[in-house]
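One structure is given here, and the rest of the page talks about it.
In this note's numbering, the protein residues as written are 1 to 222.
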């Protein structure tokens, strides 16, 4: 085998083969690289156009067959991406909202989710026909917290907590998916829209401390 002389960091010559084998990655490293490239493509090119498996493989420096070997399908690759990114986001949120009351906790969660593409990824899986996607991760934990908020007086006891949980999730996820188009439609900066929506959200969140309007009307009629 032909051998060439190359300088090492110490200035000495070292003999190595003309063609060095590519550095081997562990399976975990390759999986993470595939996920990172997939998310970069989704961010740069948009959700539906962004996930080209050939480009994912090329960006990760592996054969496209590796994607199917490690994940089985495009959906599984997206699920892995969702899981890893979402868990990191949840860890940050839990530290930031610890010991905060209902209104401030929800507003902080709304702020921290800025820039997250979790909602877009979940929506893509649903559009792909995946009926196993969980639209409200940690649903039971969130519902339990809402019950505590009722005890603390931040939510009136007559409110439908399950519906409230869904409404809050839908508001946040819908806004995160359409944030930029909303801002473009209003012809304003997205950060300015965030501030305006935040004020409206505060008004809504504070209002649930009062009894539902239908109960108030029925009491007035008696």
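We put the beta carbon where it would ideally sit given N, CA and C, even for glycine. Since this is a predicted model, take the numbers as computed values, not measurements.
Query                                                                                                                    : Result
Residue 123 classed as buried or exposed, judged by whether at least 16 other C-beta atoms fall within 10 angstroms      : buried
Residue environment, residue 154, which counts as buried when at least 16 other CB atoms sit within 10 Å                 : buried
Cutoff 8 Å; reference residue 201; Cβ partners in own chain excluding five residues on either side                       : 106, 107, 110, 171
Contact under 7 Å by Cβ, residue 143 with residue 133                                                                    : no
Nonlocal neighbours in the same chain, by C-beta distance under 8 Å from residue 186, ignoring five residues either side : 193
Unbroken alpha helix (DSSP H) run spanning residue 25, endpoints                                                         : Per DSSP, residue 25 belongs to no alpha helix (DSSP H) and is neither H nor E.
For residue 64, the first and last residue of its enclosing alpha helix (DSSP H)                                         : 64-71
Sequence ranges, alpha helix (DSSP H) only - wholly within the segment 156-203, length at least 4                        : 161-186
Cα-Cα separation, residue 131 to residue 75                                                                              : 11 Å
Check whether residue 119 and residue 196 have beta carbons under 7 Å apart                                              : no
Residue 26 versus residue 66 - alpha carbon distance                                                                     : 12 Å
Contact under 7 Å by Cβ, residue 141 with residue 211                                                                    : no
Residue 147, enclosing alpha helix (DSSP H) - first and last residue                                                     : 139-152
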